[in-house]
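**Q** Under my numbering, think of the first position of the sequence shown as 1, with each following residue one higher.
Pasting a structure below so you can have a look.
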Amino acid sequence: MLLFARIFKGVLGLFIALAVLLALRYYAASGWGNDYPSGRLTPDQHQFRITSYRLDIHVNPQRRRLKVRCLMGLRFRDGADTVRLNFVEGYHIKRLRVDGREVDAHYANDYVWWTRQTKTNPFQRVELIYEGAPLQARRAPWRGGFVWRKDEQGMPWMGLACQGEGGKIWLPARDGAGIKSDTLMMCIKVPRPLFAAASGHLLKVDSLRDSLIFHWRSFYPILHYNINFTIGHYVVIKDTLHSVNGRDVAVRLYALKGDSARFATLLKPLKKAVHFMEQRLGAYPWPDDKIGLAQTPYGGMENQTLIAYGSRIQFIRVAGYRINRLLIHELAHEWWGNLISAADWDDFWLHEGFATYMEALYTEHIGGERAYRAYGRRLRRRVKNTQPVVLNRTRTTNEAYDNDVYNKGALTLYALRHAVGDTAFFNMLQQWGISAGPTDARTTKQFMAFAQSYAPRSLKEFFHSFLYTTQSVDTLLPGL
Ligand SMILES: [Zn+2]
């Protein structure tokens with residue numbers, strides 16, 4: 001009997017070890033490993049754009065459900081005959097109308113699609129009414145979705161992070177990289193006394209007997225995964241920032257009521273960081289909306305004008321200086337990622353490498369050259385070199401997510417600065433941001449050509465080594 005138990009234990013142990021190994025392999029192979037990777041469009045999805053969203057959202061935090069009325073403006077190319085929207089399955093679609101008429105649509109395999117009846121008008125207005133329980137995050141922001149929690153006072157607290165999955169987990173969208181709509185309106189109904197903070201600027205709040213409706217609007221282009229709202233028993237900490245272009249920009253912190261004094265300590269460092277970014281990169285990109293920071297039930301995410309910052313205020317130490325890395329990193333994404341957006345997830349380093357490099361520049365701003373070099377060494381230690389930063393083929397979020405997109409991407413800029421000199425480098429960096437069109441998305445090749453125009457010698461070999469190979473780049477990192 002004892003022998004049998006031992007054998008059984010041994011086999012069980014082996015089985016568990018195998019299962020753990022397989023799970024680790026799965027995570028290693030699939031990066032974020034989320035169930036709804038984002039980044040591929042079907043050919044017919046290239047035939048139209050979603051120009052506008054108007055979302056009426058009724059949130060039931062107790063049941064973790066949404067009821068949504070989604071109005072979209074669509075603009076078509078000549079000959080487009082199918083409308084295909086990414087929209088994860090599981091919602092109950094109650095109505096689908098195109099220009100006021102019901103259409104015969106299909107909803108399967110995480111798409112909604114229908115055939116266009118009239119093709120004479122290049123614009124169409126689509127109305128979708130649906131309800132359901134949206135995907136819950138397994139490990140936000142990496143394996144994202146909705147995060148439902150209770151705060152320490154027992155009040156509902158909700159956050160949304162879906163960069164890896166795309167907006168399709170809760171609204172009909174075109175699920176490619178760099179895909180933006182031009183305008184956004186969100187009217188969010190929540191039970192009293194909760195506050196719904198969202199992308200854009202707050203127009204008004206309707207006060208009903210048991211609920212509040214928050215009306216948010218933005219006229220800036222916005223990526224589908226950046227369309228965001230967060231709910232909590234918030235107090236709003238208000239301030240303004242005098243922007244480098246002379247405008248006053250609203251600064252809003254959404255802090256949990258029981259914890260607002262602690263969260264308010266982020267206001268000064270946030271404003272200081274915006275001033276720093278403006279010096280380096282040009283004016284804050286969304287002055288008509290706000291500079292927004294919300295206390296969220298997950299770590300951090302660069303939601304446009306509503307940066308998510310988790311409850312733990314954390315610092316790293318570099319050369320004796322305390323750096324609020326998360327704050328600097330997520331704020332930098334307002335320029336690198338939200339304004340200048342990668343055309344394909346293969347170009348992900350244009351978001352993450354750049355935002356990470358801003359951490360190094362901010363460290364230099366605080367602690368001088370010695371601290372900057374220490375930050376460079378910190379980045380170098382973290383380089384894995386398991387695959388090139390850029391593979392030159394279309395990739396999904398799962399396929400593209402890798403530490404080197406951050407650290408080696410940042411080191412590329414670190415070394416580029418040395419290669420072209422400070423004056424040319426900082427001019428180039430600022431112009432790369434300023435030259436953004438309203439909805440254009442950028443490729444690595446475009447960046448290389450842009451940087452080349454500021455360089456006295458060819459950067460071909462340089463970029464090849466850093467971005468397209470896994471060879472050691474230590475010799476190209478002077479002073480580290
Ligand atoms: Zn980032």
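A virtual CB, placed ideally from N, CA and C, is assigned to each residue, including glycine.
No experiment lies behind these values; they were computed from the predicted model shown.
CA-CA distance, TRP114 and ASP104?
**A** Taking the sequence shown and counting its residues from 1, one reaches residue 114 at position 114. Taking the sequence shown and counting its residues from 1, one reaches residue 104 at position 104. Whole-angstrom Cα-Cα distance: 7 Å.
**Q** Considering only residues of the same chain and omitting the five flanking positions on each side of ASP151, which have a CB-CB separation below 7 Å?
**A** What you label residue 151 is simply residue 151 of the sequence shown in a count that begins at 1. These residues qualify, in order along the chain: TRP157, GLY232, HIS233, LEU256 and GLY258.
**Q** Is VAL235 near SER260, with beta carbons less than 9 Å apart?
**A** Within the sequence shown, residue 235 is the residue found at index 235, counting from 1. Within the sequence shown, residue 260 is the residue found at index 260, counting from 1. In this structure, SER260 lies closer than 9 Å to VAL235 by Cβ.
**Q** Let me confirm a value: LEU203 is counted as buried when at least 16 other C-beta atoms fall within 10 Å, else exposed. Which label applies?
**A** Indexing the sequence shown from 1 puts residue 203 at position 203. Exposed is the call here.
**Q** With a cut-off of 8 Å, do at least 3 Cβ pairs link the region 380 to 400 to the region 290 to 301?
**A** They do not touch, by the three-pair rule.
**Q** Please work out which residues of its chain come closer than 7 Å, Cβ to Cβ, to THR296, disregarding the five sequence neighbours upstream and downstream, and give them in chain order.
**A** Your numbering for residue 296 matches position 296 in the sequence shown. GLY159, THR230, ALA308, TYR309 and GLY310, listed in sequence order.
**Q** Cutting at 6 Å between CB atoms, please list the residues of its own chain near LEU331, excluding the five before and the five after it.
**A** Here the question's residue 331 lines up with position 331 in the sequence shown. Around LEU331: ALA273.
**Q** May I ask you to report which of helix, strand or coil DSSP gives MET155?
**A** Locating residue 155 in the sequence shown gives position 155, where the first residue counts as 1. It is coil, neither helix nor strand.
**Q** Examine chain B for any beta-carbon lying closer than 9 Å to the beta-carbon of LYS272, and answer yes or no.
**A** Absent here is chain B; the protein component of the structure consists of one chain.
**Q** So within the region 125 to 152, which uninterrupted beta strand (DSSP E) runs reach at least 3 residues, ignoring any that extend past its ends?
**A** Taking only runs of at least 3 residues, the beta strand (DSSP E) segments lying wholly in the region 125 to 152 are 145 to 150.
**Q** For SER485, which residues in the same chain have their Cβ closer than 8 Å to its Cβ, ignoring the five residues on either side in sequence?
**A** What is shown of the chain runs 1 to 480, which leaves residue 485 out entirely.
**Q** If you count every other CB in all the chains shown that lies within 10 Å of the CB of ALA173, and 16 or more means buried, which is it?
**A** As a position in the sequence shown, residue 173 is number 173, starting the count at 1. Buried.
**Q** Could you give the distance in angstroms between the alpha-carbon of PRO191 and the alpha-carbon of THR118?
**A** Here residue 191 refers to the residue found at position 191 of the sequence shown. Here residue 118 refers to the residue found at position 118 of the sequence shown. Straight-line Cα distance between these residues: approximately 42 Å.
**Q** Distance, Cα to Cα, LEU411 vs ASP35?
**A** Looking up residue 411 in the sequence shown gives position 411. Looking up residue 35 in the sequence shown gives position 35. Roughly 31 Å separates the two Cα atoms.
**Q** Since SER181 and LEU306 should fall inside the 8 Å C-beta cutoff, what is the C-beta to C-beta distance between them, to a whole number of angstroms?
**A** Along the sequence shown, read from residue 1 onward, the residue named residue 181 stands at position 181. Along the sequence shown, read from residue 1 onward, the residue named residue 306 stands at position 306. Contact doesn't hold; Cβ gap of about 16 Å is too wide.
**Q** Just to confirm, is the Cβ distance from THR444 to GLN163 under 9 Å?
**A** Here the question's residue 444 lines up with position 444 in the sequence shown. Here the question's residue 163 lines up with position 163 in the sequence shown. Cβ distance not < 9 Å, so THR444 and GLN163 don't count as in contact.
**Q** Candidates GLU399, ASN226 and GLN124: which alpha carbon is nearest ILE169's?
**A** Residue 169 sits at position 169 when you count from the first residue of the sequence shown. Taking only the C-alpha atoms, the option nearest ILE169 is ASN226.
**Q** List the whole-angstrom C-beta distance separating TYR372 from GLU359, where the pair is believed to meet the contact cut-off of C-beta under 8 Å.
**A** Start at 1 with the first residue of the sequence shown, and residue 372 comes out as number 372. Start at 1 with the first residue of the sequence shown, and residue 359 comes out as number 359. Contact doesn't hold; Cβ gap of about 10 Å is too wide.
**Q** Taking 9 Å as the cut-off, decide whether the C-beta atoms of ASN324 and PRO269 are in contact.
**A** Along the sequence shown, read from residue 1 onward, the residue named residue 324 stands at position 324. Along the sequence shown, read from residue 1 onward, the residue named residue 269 stands at position 269. Closer than 9 Å, so yes.
**Q** Check this for me: beta carbons of VAL98 and VAL83, under 9 Å apart or not?
**A** In the sequence shown, the residue the question calls residue 98 occupies position 98. In the sequence shown, the residue the question calls residue 83 occupies position 83. Closer than 9 Å, so yes.
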